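Quick note, the sequence shown lines up with residues 7 to 119 if you use the numbering used here.
Ideal Cβ placement from N, Cα and C applies to all residues, glycine included.
Note that the structure is predicted; figures quoted are calculated from it, not measured.
Below you'll find the structure, written out as structure tokens, and then a few comments.
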Amino acid sequence: MPGGIHVWHMPALTEIFGDDSVLQFGGGTLGHPWGNAPGAVANRVALEACVQARNEGRDLAREGNEIIREASKWSPELAAACEIWKEIKFEFQAMDTLARKFYGKMAIPFDVV
């Protein structure tokens with residue numbers, strides 16, 4: 007699952023895909039303020055916290071932010087990642103608008119968008 011993901015997305019990703027999945031953190035690792043290795047640690051700690059919380063019966067959808075905040079108390083790498091991505095917003099227009107104009111209301115083939 008690629009696409010601009012970072013540690014705050016981990017509860018939802020764990021809820022949706024479980025722990026038998028591949029998550030590709032590009033900027034979510036490389037964009038860590040302390041470098042690549044701490045970025046990877048932050049992602050791993052966030053995933054482990056979410057899997058543990060899920061296994062304990064916690065509701066990832068409802069408690070996700072709290073779970074990440076709790077884990078960041080004992081992981082400085084995760085705390086730094088949480089700080090850097092706290093204000094990220096994706097306010098871009100959809101990329102498939104040209105294809106939608108061209109194809110109209112008919113189904114758009116996956117290889118077009």
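Query, Result
"In the DSSP assignment, find the alpha helix (DSSP H) that holds valine 51 and state where it starts and stops.", "42-61"
"Between Ser81, Lys92, Gly37, Ile90, which has its C-alpha nearest leucine 53's C-alpha?", "Ser81"
"By Cβ distance, which residues of its chain are closer than 8 Å to threonine 20, with the 5 residues on each side in sequence left out?", "Leu53, Cys56, Val57, Arg60, Leu66"
"Quick one: residues in its chain with C-beta nearer than 7 Å to the C-beta of methionine 16, no 5 flanking neighbours on either side, listed in chain order?", "Ala52, Leu53, Cys56, Ile74"
"From what residue to what residue does the alpha helix (DSSP H) around glycine 23 run?", "Correcting the residue type first, residue 23 is phenylalanine in the shown sequence and not glycine. Unbroken alpha helix (DSSP H) run through phenylalanine 23: 16-23."
"Which residues mark the beginning and the end of the alpha helix (DSSP H) in which serine 78 is found?", "66-78"
"Valine 13 by DSSP, collapsed to three states: which one?", "helix"
"Which residue marks the beginning of the alpha helix (DSSP H) containing leucine 84, and which one marks its end?", "82-90"
"Examine the ligand MN and report whether any of its heavy atoms sits within less than 7 Å of the Cβ of asparagine 61.", "Absence of the ligand MN from the depicted structure is noted, as is the absence of any ligand whatsoever, leaving it without description."
"According to DSSP, simplified to helix, strand and coil, what is leucine 36?", "helix"
"Quick test of your reading: tryptophan 40 and glutamate 83, contact by CB under 8 Å. State the CB separation rounded to the nearest angstrom.", "7 Å"
"Pull up the distance between the alpha-carbon of glycine 34 and that of glutamate 62, whole angstroms please.", "26 Å"
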